[in-house]
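Numbering of the sequence shown is given in our numbering, commencing with residue 60 and proceeding in unit increments.
Even for Gly, the Cβ is constructed at its ideal location relative to N, Cα and C.
Here the structure is laid out as structure tokens; the discussion comes afterwards.
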Amino acid sequence: MDQTLKPCQGSYLKLFQLLVLVGLLHYCSGTTQVTKSVKDVAVLSCGYNISTDELMIARIYWQKHTEMVLSVISGKVKVYSKYENRTFTDISNNLSIVILALRLSDNGEYTCVVQKNKTGSYKLKHLSSVTLSVRADFPVPSITDLGYPSPNIKRIICSTSGGFPKPHLSWLENGKELNVNNTLLSQDPETELYTISSELDFNVKNNHSFMCLVKYGDLTVSQIFNWNECCAARRREKRRNGESLEMEEIPPTT
Numbered sequence: 060m061d062q063t064l065k066p067c068q069g070s071y072l073k074l075f076q077l078l079v080l081v082g083l084l085h086y087c088s089g090t091t092q093v094t095k096s097v098k099d100v101a102v103l104s105c106g107y108n109i110s111t112d113e114l115m116i117a118r119i120y121w122q123k124h125t126e127m128v129l130s131v132i133s134g135k136v137k138v139y140s141k142y143e144n145r146t147f148t149d150i151s152n153n154l155s156i157v158i159l160a161l162r163l164s165d166n167g168e169y170t171c172v173v174q175k176n177k178t179g180s181y182k183l184k185h186l187s188s189v190t191l192s193v194r195a196d197f198p199v200p201s202i203t204d205l206g207y208p209s210p211n212i213k214r215i216i217c218s219t220s221g222g223f224p225k226p227h228l229s230w231l232e233n234g235k236e237l238n239v240n241n242t243l244l245s246q247d248p249e250t251e252l253y254t255i256s257s258e259l260d261f262n263v264k265n266n267h268s269f270m271c272l273v274k275y276g277d278l279t280v281s282q283i284f285n286w287n288e289c290c291a292a293r294r295r296e297k298r299r300n301g302e303s304l305e306m307e308e309i310p311p312t313t
């Protein structure tokens, strides 16, 4: 169905008019899905080609829900404040917009509206939507040796950062969760990304195989730390005797 709008007095269509238009005609459009990671680049296609001559008599609007992202009016591009310096349009590529340095807040549905001026009034020529999903996966945790807080007790720390949503870290040995009370969790107020770490003390006179497991949403990442008491004892003996440790395999592995 074609819908005709009266010409606007200003250079830009009033936002409420655009929202009414989108609401009335959204059922006519399909929605495509784009999935990217935080800090990546997303290209959202309007799925519509337009010539240079047509561009001068056209209005192109990109918006996210009720928020304006970018508009092209008679060939002039305007990028709205939240997207300034990281968003631009690629007219030759199906009127796409390109969003740089993706943030979690960029998640959502984006709508592209194309209107053309014919005989003094603007008519809707194209309407499409793109759903952008921005992921923030935690990398595999790293396990670091923190030395000996007391004789025969070794301390290690497991940490990972840069993910979302809020994670939970646990230590397991032989499939059983260990009781650890010193887990630290922080969230960057700007990026909303989390950092999590946890220390674990253990007796070096026993063999161990620990798993550091991080859960976030429906996903998990993990790392294994193995300790062989026999090899560790030989290493300590060589140190006491001043022997070279070159070519010796260090028992704790991750």
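> To the nearest angstrom, how far is it from the Cα of Ser256 to the Cα of Asn240?
Replying inline: By 1-based counting over the sequence shown, the position of residue 256 is 197. By 1-based counting over the sequence shown, the position of residue 240 is 181. The alpha-carbon atoms of Ser256 and Asn240 are separated by roughly 11 Å.
> Can you name the start and end residues of the alpha helix (DSSP H) that Thr111 belongs to?
Replying inline: Counted from its first residue, the sequence shown places residue 111 at position 52. For Thr111, the enclosing alpha helix (DSSP H) starts and ends at Thr111 to Leu114.
>> Quick check: the segment 126 to 144 against the segment 222 to 234, are at least 3 beta-carbon pairs closer than 8 Å?
In response: Short answer: they don't touch.
> Does the Cβ of Pro208 lie closer than 8 Å to at least one heavy atom of the ligand HEM?
Replying inline: Among the ligands in the structure shown, none appear at all, so the ligand HEM cannot be discussed.
> When you compare only the Cα positions, how much space is there between Thr91 and Ile212?
Replying inline: Stepping through the sequence shown from its first residue, residue 91 is reached at position 32. Stepping through the sequence shown from its first residue, residue 212 is reached at position 153. Cα atoms of Thr91 and Ile212: separation of roughly 55 Å, rounded to the nearest angstrom.
> Which full runs of the alpha helix (DSSP H) of 4+ residues lie inside the segment 109 to 151, going along the chain?
Replying inline: Taking only runs of at least 4 residues, the alpha helix (DSSP H) segments lying wholly in the segment 109 to 151 are 111 to 114.
> If you check the beta carbons only, do Ser133 and Val193 fall under 9 Å apart?
Replying inline: Here the question's residue 133 lines up with position 74 in the sequence shown. Here the question's residue 193 lines up with position 134 in the sequence shown. Using a Cβ distance threshold of 9 Å, Ser133 and Val193 do not count as a contacting pair.
> Where does Asp99 sit, in a helix, a strand or coil, going by DSSP?
Replying inline: Locating residue 99 in the sequence shown gives position 40, where the first residue counts as 1. Three-state DSSP puts Asp99 in coil, outside helix and strand.
> Are the Cβ atoms of Tyr139 and Ile158 separated by less than 9 Å?
Replying inline: Numbered from its first residue, the sequence shown carries residue 139 at position 80. Numbered from its first residue, the sequence shown carries residue 158 at position 99. Tyr139 places its beta carbon 9 Å or farther from that of Ile158.
> Smallest Cα separation from Thr190: which of Glu249, Ile215, Ser180 and Ser164?
Replying inline: Locating residue 190 in the sequence shown gives position 131, counting from the first residue. The shortest Cα separation from Thr190 among Glu249, Ile215, Ser180 and Ser164 belongs to Ser164.
> Per DSSP, which one or two residues make a beta bridge with Val199?
Replying inline: If you number the sequence shown from 1, residue 199 lands on position 140. Beta-bridge pairing links Val199 to no other residue.
> Assuming Arg145 contacts Thr250 under a Cβ cut-off of 8 Å, what Cβ separation, rounded to an integer in Å, is found between them?
Replying inline: For the purposes of this step, residue 145 is identified with residue 86 of the sequence shown, where counting begins at 1. For the purposes of this step, residue 250 is identified with residue 191 of the sequence shown, where counting begins at 1. Between Thr250 and Arg145 the Cβ distance is about 14 Å, and since that is not below 8 Å, they are no contact.
> Where does the unbroken beta strand (DSSP E) through Arg162 begin, and where does it stop?
Replying inline: Residue mapping note: residue 162 aligns to position 103 of the sequence shown, counting from 1. According to the DSSP assignment, Arg162 belongs to no beta strand (DSSP E), since it is labelled neither H nor E.
>> Let me confirm a value: Leu183 is counted as buried when at least 16 other C-beta atoms fall within 10 Å, else exposed. Which label applies?
In response: Within the sequence shown, residue 183 is the residue found at index 124, counting from 1. It is buried - the Cβ of Leu183 has at least 16 other Cβ atoms within 10 Å.
>> If you reduce the DSSP assignment to three classes, tell me which class Cys171 lands in.
In response: As a first step, residue 171 must be located in the sequence shown, where it is residue number 112. Reduced to three states, the DSSP call for Cys171 is strand.
>> Just verifying my parser: in three-state terms, what is the DSSP assignment at Ser209?
In response: For the purposes of this step, residue 209 is taken as the residue at position 150 of the sequence shown. Secondary structure at Ser209: strand, using DSSP grouped into helix, strand and coil.
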